[in-house]
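J.: Residue numbers (my numbering): 9 to 116.
Provided herewith is a single structure, encoded as structure tokens, for subsequent inquiry.
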Amino acid sequence: MEFRLEGKVVLVTGATQGIGRAIAEALARSGAGGLLVTGREPVRGSEVATSLSQAGTPTAFVAADLADTTAPARLVDECISRFGRIDALVNAAGLTNRASFLDADLDD
9 MEFRLEGKVV LVTGATQGIG RAIAEALARS GAGGLLVTGR EPVRGSEVAT
59 SLSQAGTPTA FVAADLADTT APARLVDECI SRFGRIDALV NAAGLTNRAS
109 FLDADLDD
């Protein structure tokens, strides 16, 4: 089964490495019309955006740490500003917290 995203705009968090980067690359191969990739590491993020753009998928990077509660709204605004819309969202950002999920709060 072929998965196609012809012309769709996708916002991908955690796209500077690992699963997030692999997903962004797969979305580009599937015909996405635009990608906004995000992560905490500007150098890696710029490399991902440049690589995908050079391969033919318009891609922009915006540095963001989703531990900042204002970041999601800023990313949505940025994606709409750059591409005119968002068709899909992939939340691949991760974090490590050495505590029980049930004991964590937003500050953690």
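Note that the Cβ used here is the ideal one computed from N, Cα and C, for glycine as well.
(1) Would you report the Cα separation of ARG93 and ASP111, rounded to the nearest angstrom?
(2) Compute the Euclidean distance between the alpha carbons of SER54 and SER108, then round it to the nearest angstrom.
(3) Please identify the residue among VAL56, ARG48, PHE69 and THR65 whose C-alpha is closest to the C-alpha of ASP76.
(4) Nearer than 7 Å: is that true of the beta carbon of GLY39 relative to any heavy atom of the ligand ATP?
(5) So, at 6 Å on beta carbons, what are the nonlocal neighbours of VAL18 in its own chain, with the 5 sequence-adjacent residues on each side left out?
(6) Can you name, in chain order, every residue of its own chain whose Cβ lies under 6 Å from the Cβ of SER61, other than the five neighbours on each side?
(7) Quick check: what's the CA-CA separation for ILE88 versus ILE27?
(8) Of the choices THR46, ARG37, VAL70 and ASP73, whose alpha-carbon is the least far from that of PHE11?
(9) Please classify ALA23: does DSSP put it in a helix, a strand, or coil?
T.: Quick answer:
(1) 37 Å
(2) 34 Å
(3) ARG48
(4) The model on display carries no ligand, and the ligand ATP is accordingly not part of it.
(5) LEU35, ALA40, LEU43 and ALA96
(6) THR67
(7) 24 Å
(8) ARG37
(9) coil
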